[in-house]
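Following: one structure in structure tokens, then a few remarks.
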Amino acid sequence: MKPYLIAPSILAADLARLGEEVENVAAAGADIIHFDVMDNHYVPNLTFGPAILEALIKYGIKAEFDVHLMVEPVDDLINQFADAGASYISFHPEASKHVDRSISLIKDKGIKAGLVLNPATPLTVLDHVLHKLDFVLFMSVNPGFGGQSFIPHTLDKIKTLKARIDELGLDTRIEVDGGVKTNNIAEVAAAGADMFVAGTAIFGADDYTVAINEMRSELAK
Ligand code: DX5
Ligand code: ZN
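If you read the sequence shown in the working numbering, its first letter stands for residue 99, the second for the next number, and so on.
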């Protein structure tokens, strides 16, 4: 079984102290740092560009960065985030004219590639590309904002994909993003997920170490 990865989303961090916040959450036991890129076009919100990622890496953050692109188009920013130092890059298929090409752009840079499915995106978008992906990211809220409630039907989609991954003998990870908290993380893992994004559940906690440890103990049950 793959080790579970906990990925705090910096969208919920105190942005005036971003470097310190990311350093603290990495020290608190985060496995990877989830970096939400929004363009006010694909989603109705605007966040961080590659210069911020580069600055965080220069600042000395040791954890790897998981870049979630909510932008359209995607290819140019894939190149820019690859050069900035991303370890994982995912994008939404409807935001790329040539999904297979965008995946190859990520893979050719030696970066782990993921495709993101919104709550209403069918699993069929994965049909001809699943074998190329390192992970599939299920949005369990509609993308654009932190602090929303987990959409429960996501669990059925996760279970269906997990069964397909196992049947095909693939090694694809399943990441879940949106409304993941201590009280539902075990259920999300039982459905087949092994990477968990959590924004408000971690950055909204008084003690990041306690919040991450509580999640890990739920996962160990
Ligand atoms: C939403 C983002 C998420 C968000 C999750 O579009 O992709 O990563 O930060 O936030 P929480 O964990 O607060 O739902
Ligand atoms: Zn995200």
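The beta-carbon is built from N, C-alpha and C at its ideal position, and this holds for glycine as well.
Any Cβ of chain C within less than 8 angstroms of the Cβ of residue i?
i      : result
ALA161 : The displayed structure is made up of one protein chain only, and chain C is not part of it.
For residue i versus residue j, is the C-beta spacing smaller than 8 angstroms?
i      : j      : result
VAL234 : ILE272 : yes
ILE249 : PRO217 : yes
HIS139 : GLU170 : yes
GLY242 : MET313 : no
PHE133 : ILE108 : yes
ALA303 : ILE104 : no
At the level of alpha carbons, what is the spacing between residue i and residue j?
i      : j      : result
GLU192 : GLY245 : 24 angstroms
LEU317 : PHE146 : 30 angstroms
VAL197 : LYS207 : 16 angstroms
ILE155 : SER200 : 24 angstroms
ASP232 : ASP112 : 30 angstroms
Closest to residue i by CA distance: which of the options is it?
i      : options                           : result
ASN311 : LEU116, ALA128 and ARG115         : ALA128
GLY212 : ALA261, GLU162, GLU265 and THR270 : THR270
LYS205 : THR219, HIS229 and THR222         : HIS229
ILE300 : GLY276, LEU167, ALA288 and GLU285 : GLY276
SER185 : VAL165, LYS195, THR219 and ASP305 : VAL165
SER202 : VAL172, LEU221, LEU215 and ALA114 : VAL172
ILE150 : GLY117, GLU285, LEU224 and VAL123 : GLY117
PRO101 : ALA287, ILE131 and GLU265         : ALA287
Per the contact definition of three or more C-beta pairs closer than 8 angstroms, is the stretch 251-268 in contact with the stretch 175-184? no
What residues sit near the ligand ZN, counting only those whose C-beta is closer than 6 angstroms to one of its heavy atoms, in chain order? SER107, HIS132, ASP134, HIS166, ASP275 and VAL295
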